[in-house]
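Undergrad: I'd like to ask some things about the structure below.
Number of protein chains: 4
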Amino acid sequence: MDYSNILQEVYEKVSKEEGRGGVASYIPELAKVDPLKFGVFFKEINGRDFGMGDFDEKFSIQSIAKVASLCLAYKMLGEKIWERMGVEPSGTPFNSLVQLESDRGVPRNPFINAGAIVICDILIGELNNPEEDLLSFMREISDNSSISFSENIAESEKSTGYRNVALCNFIKSFGNIENSPEKVIDFYFKLCSIEMSCREISCAFLFLANGGRKISDNKQILSESQTKRTNAIMQSCGLYDESGEFTFKVGLPGKSGVGGGILAIHPYKYAVTLWSPKLNSKGNSYKGMRFLELFTTKARSSIF
Amino acid sequence: MDYSNILQEVYEKVSKEEGRGGVASYIPELAKVDPLKFGVFFKEINGRDFGMGDFDEKFSIQSIAKVASLCLAYKMLGEKIWERMGVEPSGTPFNSLVQLESDRGVPRNPFINAGAIVICDILIGELNNPEEDLLSFMREISDNSSISFSENIAESEKSTGYRNVALCNFIKSFGNIENSPEKVIDFYFKLCSIEMSCREISCAFLFLANGGRKISDNKQILSESQTKRTNAIMQSCGLYDESGEFTFKVGLPGKSGVGGGILAIHPYKYAVTLWSPKLNSKGNSYKGMRFLELFTTKARSSIF
Amino acid sequence: MDYSNILQEVYEKVSKEEGRGGVASYIPELAKVDPLKFGVFFKEINGRDFGMGDFDEKFSIQSIAKVASLCLAYKMLGEKIWERMGVEPSGTPFNSLVQLESDRGVPRNPFINAGAIVICDILIGELNNPEEDLLSFMREISDNSSISFSENIAESEKSTGYRNVALCNFIKSFGNIENSPEKVIDFYFKLCSIEMSCREISCAFLFLANGGRKISDNKQILSESQTKRTNAIMQSCGLYDESGEFTFKVGLPGKSGVGGGILAIHPYKYAVTLWSPKLNSKGNSYKGMRFLELFTTKARSSIF
Amino acid sequence: MDYSNILQEVYEKVSKEEGRGGVASYIPELAKVDPLKFGVFFKEINGRDFGMGDFDEKFSIQSIAKVASLCLAYKMLGEKIWERMGVEPSGTPFNSLVQLESDRGVPRNPFINAGAIVICDILIGELNNPEEDLLSFMREISDNSSISFSENIAESEKSTGYRNVALCNFIKSFGNIENSPEKVIDFYFKLCSIEMSCREISCAFLFLANGGRKISDNKQILSESQTKRTNAIMQSCGLYDESGEFTFKVGLPGKSGVGGGILAIHPYKYAVTLWSPKLNSKGNSYKGMRFLELFTTKARSSIF
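Structure (structure tokens):
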């Protein structure tokens, strides 16, 4: 099936619509982004791809990076990582501390902040040079050596990231963080500061639509089972407490970031990345959600 | 692909395993069920089917009936029903009242008890003879006039169902129940008391694997979009606070009942129903979960 | 000390102030009350008393009756009643169901609705004719045979009291209600419907300021220890989630009702009852709180 | 009234009883304390005093110091401090983060950890040399220049105090901490590390039983109104989520610490301090609670 017409049509329609919501303001650097940016990059496992708008402009991928950190930890430690966190949706906002108290420091899943922080702790324990090794992994899966952290964003996040510091220390108080909270949270802020374009994100994570293998060199990044399971967690938990709505309206595994990006995967078909910085009340890109809903409806391309 | 060998192999393996957990005991009538029953019925949209064990014995389908009540209300009212409830997983047990308080009486989804009770209220408002009309719908989608309520089960449930009475009155106090709580809760207990065999369940809900159309007469029960959305809600919310685990391990939309049944749908491929009465701590069939995990893994047949 | 001048002065001051808030509207009959009513009745254990404004007009005492039901159950069963509920403030609104879920059906204290409902269940189990026997007790402690239920109020409450029905069934589901929820909730609505004037309330509960003995005939209603403990619970829990504020500003054990009444006790000194129907956001009489704060401050008559 | 016989009798009785519970273990230094220590110091505003057991041995007063920090802040800023926290009991454990989330960073009261941390932030903003100035205040109210912090305890607490660091950063994220979390939490750990004997504690806080005036020099530490209000908060919130139980059984304003100390005040009569390191499940001294319950019962000396 040739998706380009539908992609084009939906892009034009959503471009014209008024974007609701506002740019993430709690991280000072993010607040500076042009709210009118809008990019889409669609890439099929058969090699076809299609970009629209600002698809080649780098932006702060924020929580989309949590897919990468999960994949790296999962690849290295296998199912053992689930001793440290669950795979259930939380039913609460992304930075909530409430459940952690009743769950005794075990995060519900690797995509809420609490879980991603535990993944960072795991990676620090496993990697010799966590920041470099993580970047190497990102560069490897995307065949792109330009991918980097943004020191500005990481610093900016650190300057106001009290809630994440609270989360990290809270989990530590339950014994589910092994390293020092300072080290873990610094790595976490670095992780979230990665900058990539829509094209780069779609290329990097296309292996999740290909049974765990990279397209370019057929290298197995995750096993087929791990890949399916990663997609499953994206389906259940990828859009915070809007994951059910995303599953309902879009019907694809996805992961959002407060930079305004959304990555969605159609297993064995394609990866698609959206970028539009205005966020709805749940912290997800308003136009990104809208584009994907219209696209999967028109293309009849949900997994359900 | 011929699934029969894998089905047979997994059935034999799981049959031999010791079943953990216990039969639902809070409904007196359910506690009488033989805990060693084990049935599987697999039915593809191309007509092939395959049954194993006690697949022709009727059992209390309990919450699996919530798929039917949702479909009937969705068919009649369309997207309007979402004004009365959400599509998000709850992150809490199936009969929890906690979220309802902060959510002001709006249930998170139609599959937790609170949501199913609101669906019952909607159906009472729309149907002339709610009980008969619901049975007619069940009989129609399954081409089977023998499907009925169990008065015994409904009475038994009523005698101890104080928590559901509490839920219904609690929602009413927020104004999200229109009819009298007594009427709504009686209908709810009736709904949960429906008895069907694995074969009957797979046949009844096979339209969810067929874009909304019945196989026998090609009649459209739900639109394709409604069908996809129903499957999506099953994926997000079908197994209570184990929905994420089910998505992770099984990778199919599913719906469980405390009678020990689980229905799973592979869109555009098949419906499969399991029955084994011993439940895990989350209220889902232990062997049912186990069977589906092994089957979708061996058959590489998850949607992810 | 002669309190009459201060009482008069504070009464005049508060009378002139604009009353904030509104009359309880969720019970239709209560909504009909004249919001400008304002009465005070002060009665010392030495026999002196002092009334101002509408102090002889009967009003719906609502939750103030929970002091009577607690005293009657405490008198009959002693410390055994604490196996069924606690003595801790709840930190949540009066009709909250949240804590009951984590506390497995054991109410925090006898003054939140949940606890008062359990007290009603206890009384039904102990009394031959619960309604008559409760009235007899009320009449006995107040030397006043005119005290009665209001059928209108009880019916009105029943017509909209879904949340209390929910509470009662929820507690029953945990096994902490022995009788049928219908019977218990009917008795509870009756209890809350009692009508008394400020004068009658102060007279009835003056024994709590007198070591448990009635003034008129020196009859021991509660033991001295039970009396102190009842006052202590009023201090900790008598004004719902405003109990701390009341302790802070007024500094006396007290109990409020949504009819706009507040009873306060100064141990070994006096009982005082206020009535002003406009309620603040916590469900307590705005002018009642205000009067007591000014009075205990000017008279330097808190227990602290 | 001469309390010495009753004090002696109760002391002997409780001394012989087996102490339940265990020493606080989460602060390594506290775990080293001899669990069999038991001291009582009773001091009346008329000058009489009475000590029993280890009443002259210094111990870690921990949260009892929160009374001092509250008094100092209250003295300096007056009612303005209530813009930053409430006076309601929390209904939850002392270190809970749950309520802070729904209450948007405003602690329920100054005695739970969250509130005491905000008080520390206030004091840092008001004092030139917070640590020294706080010590000066402690030394002044107790006429005792030997009162000091324990560097060991403060360090020990810091080494494991992740939960308090979490609390502080969490509150900061809501904007209710003005200084850097590191500075605030260091001061908080210092505050909790103060060491005093039962005698010293009773002497220091006797002004709370004397309308705010020191006995030795009649100096007004707090106004009479502030004193009453401080006692009221101790009544409502002084023993964490056992405050209601303490009010019910003991009937005096009190404040406990995890070092095993409890201070209780009888307004216009006396201050009494207990020390026994074994704690019950709520974190309060088992024998301390027991002693006070027996004493106020036998002496008929509760405020109710």
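Residue numbers (our numbering), protein chains in the order written: chain C, 4 to 307; chain Y, 4 to 307; chain D, 4 to 307; chain X, 4 to 307. Heads up, the beta-carbon is just placed ideally off N, CA and C, and yes, glycines get one too.
Does DSSP put Ser151/Y in a helix, a strand or coil?
TA: In this structure, Ser151/Y counts as strand in the three-state DSSP scheme.
Undergrad: Starting from the N-terminal side, write out each stretch of the alpha helix (DSSP H) that is 4 residues or longer and does not extend beyond the segment 80–154 of chain C.
TA: 101–105, 116–129 and 133–145, all fully within the segment 80–154 of chain C.
Undergrad: Residues of chain Y with CB under 9 Å from Ile236/C, in chain order?
TA: Those within 9 Å of Ile236/C in chain Y are Gly247, Thr250 and Phe251.
Undergrad: For Gly25/D, collect the residues of the same chain with a Cβ closer than 7 Å to its Cβ; drop the 5 residues on either side in sequence, then sort them by chain order.
TA: Here the set comprises Lys281 and Leu282.
Undergrad: Looking at the C-beta of Glu1/X, does it have a partner C-beta in chain D at a distance below 8 Å?
TA: Lying outside 4 to 307, the shown extent of chain X, residue 1/X is not represented and no answer is given.
Undergrad: Can you list, in chain order, the residues of its chain whose CB lies under 6 Å from that of Phe44/D, leaving out five sequence neighbours each side?
TA: Around Phe44/D: Gly54, Phe58, Cys201, Arg202, Ser205 and Thr276.
Undergrad: Within 8 Å of any Cβ in chain X, is that where the Cβ of Asp189/D sits?
TA: Not an interface residue.
Undergrad: With a threshold of 16 other CB atoms inside 10 Å of the CB of Tyr271/C, please say whether the residue is buried or exposed.
TA: Answer is exposed; the Cβ neighbour count stays below 16.
Undergrad: Pick helix, strand or coil for Ser284/X, following the three-state DSSP scheme.
TA: The answer is coil: DSSP assigns Ser284/X none of H, G, I, E or B.
Undergrad: Specify, as a first and last residue, the run of the beta strand (DSSP E) that Gly178/C falls within.
TA: Segment: none, Gly178/C is in no beta strand (DSSP E) and carries neither H nor E.
Undergrad: Looking only at C-alpha atoms, which of Thr95/C, Ile9/C, Asp37/C and Glu47/C sits nearest to Ser284/C?
TA: Here the closest residue by C-alpha is Thr95/C.
Undergrad: By Cβ distance, which residues of its chain are closer than 7 Å to Ile150/D, with the 5 residues on each side in sequence left out?
TA: Answer for Ile150/D: Leu138, Met141, Arg142, Ile197, Met199 and Glu203, listed in chain order.
Undergrad: By how many angstroms is the C-alpha of Gly247/D removed from the C-alpha of Ser239/D?
TA: Whole-angstrom Cα-Cα distance: 7 Å.
Undergrad: Between Lys78/D and chain X, is the shortest Cβ-Cβ distance under 8 Å, so that the two count as touching?
TA: With 8 Å as the cut-off, Lys78/D does not count as an interface residue toward chain X.
Undergrad: Identify, in the order they occur along the chain, each residue of the same chain with its Cβ nearer than 6 Å to the Cβ of Ile156/Y, setting aside the five sequence neighbours on each side.
TA: Closer than 6 Å at the Cβ level, and outside the excluded window around Ile156/Y, lie Glu32, Ser63 and Ser196.
Undergrad: For the alpha helix (DSSP H) that contains Leu211/C, what are its first and last residues?
TA: Run containing Leu211/C: none; DSSP gives neither H nor E here.
Undergrad: List the residues of chain D whose Cβ lies closer than 8 Å to the Cβ of Phe312/Y, in chain order.
TA: With chain Y covering 4 to 307 only, the question about residue 312/Y has no answer from this structure.
Undergrad: How would you list, in chain order, the residues of chain C whose beta-carbon sits under 8 Å from the beta-carbon of Asp244/Y?
TA: Going along chain C in sequence order, the residues near Asp244/Y (Cβ under 8 Å) are Glu91.
Undergrad: Which class does Val168/C belong to by DSSP, given the choice of helix, strand or coil?
TA: The answer is helix: DSSP assigns Val168/C an H, G or I state.
Undergrad: Please confirm if Leu33/D has its CB atom under 8 Å from at least one CB of chain Y.
TA: So no, Leu33/D is outside the interface.
Undergrad: Taking the alpha helix (DSSP H) that Leu235/X falls in, what are its first and last residues?
TA: In the sequence as presented, Leu is not what sits at residue 235/X; that position holds Ala. Element bounds for Ala235/X: Glu227 to Cys240.
Undergrad: Whose C-alpha, out of Cys123/Y, Met79/Y and Lys35/Y, is nearest the C-alpha of Ala68/Y?
TA: Measuring from the Cα of Ala68/Y, the nearest candidate turns out to be Cys123/Y.
Undergrad: Could you tell me the distance, in whole angstroms, from the CA atom of Lys161/C to the CA atom of Ala34/C?
TA: C-alpha separation (whole angstroms): 15 Å.
Undergrad: Taking the beta carbon of Gly254/D as the centre, do at least 16 other beta carbons fall within 10 Å, making it buried, or is it exposed?
TA: Flag for Gly254/D reads buried.
Undergrad: So, is Leu39/Y buried or exposed, given that buried needs 16 or more other C-beta atoms within 10 angstroms?
TA: It is exposed - the Cβ of Leu39/Y has fewer than 16 other Cβ atoms within 10 Å.
Undergrad: Between which two residues does the beta strand (DSSP E) carrying Tyr3/D extend?
TA: A query on residue 3/D cannot be resolved here, the shown segment of chain D reaching from 4 to 307 and no further.
Undergrad: Are the CB atoms of Leu242/Y and Gly264/Y within a distance shorter than 8 Å?
TA: Contact: no.
Undergrad: With a threshold of 8 Å on Cβ separation, who are the neighbours of Gly291/X within its own chain once the five nearest residues in sequence on each side are excluded?
TA: Hits under 8 Å: Ser259, Gly263, Gly264, Ile265, Leu277, Trp278 and Ser279.
Undergrad: So with CB distances below 7 Å, who are the chain A contacts of Ala169/X?
TA: Absent from the structure: chain A. Protein chains present are C, Y, D and X.
Undergrad: At the level of alpha carbons, what is the spacing between Arg216/C and Pro92/C?
TA: Approximately 27 Å, taken between the alpha carbons.
Undergrad: Short check: CB of Ile174/Y to CB of Leu103/Y, under 8 Å?
TA: Taking 8 Å as the Cβ cut-off, Ile174/Y and Leu103/Y qualify as a contacting pair.
Undergrad: May I ask you to report which of helix, strand or coil DSSP gives Asp189/X?
TA: Correct three-state label for Asp189/X: helix.
Undergrad: Answer yes or no: do Ala169/C and Asn167/X have a C-beta to C-beta separation smaller than 8 Å?
TA: Taking 8 Å as the Cβ cut-off, Ala169/C and Asn167/X do not qualify as a contacting pair.
Undergrad: Are Ala274/X and Lys46/X touching if we call contact CB-CB under 8 Å?
TA: Yes; because the gap between Cβ atoms is below 8 Å, this pair is in contact.
Undergrad: Measure the beta-carbon distance from Lys311/D to Ile9/D and round it to whole angstroms, keeping in mind my assumption that it falls under 8 Å.
TA: This structure gives no information on residue 311/D, because the portion of chain D shown stretches from 4 to 307.
Undergrad: Using beta-carbon positions only, say whether Leu297/D and Val17/D come within less than 8 Å of one another.
TA: Yes.
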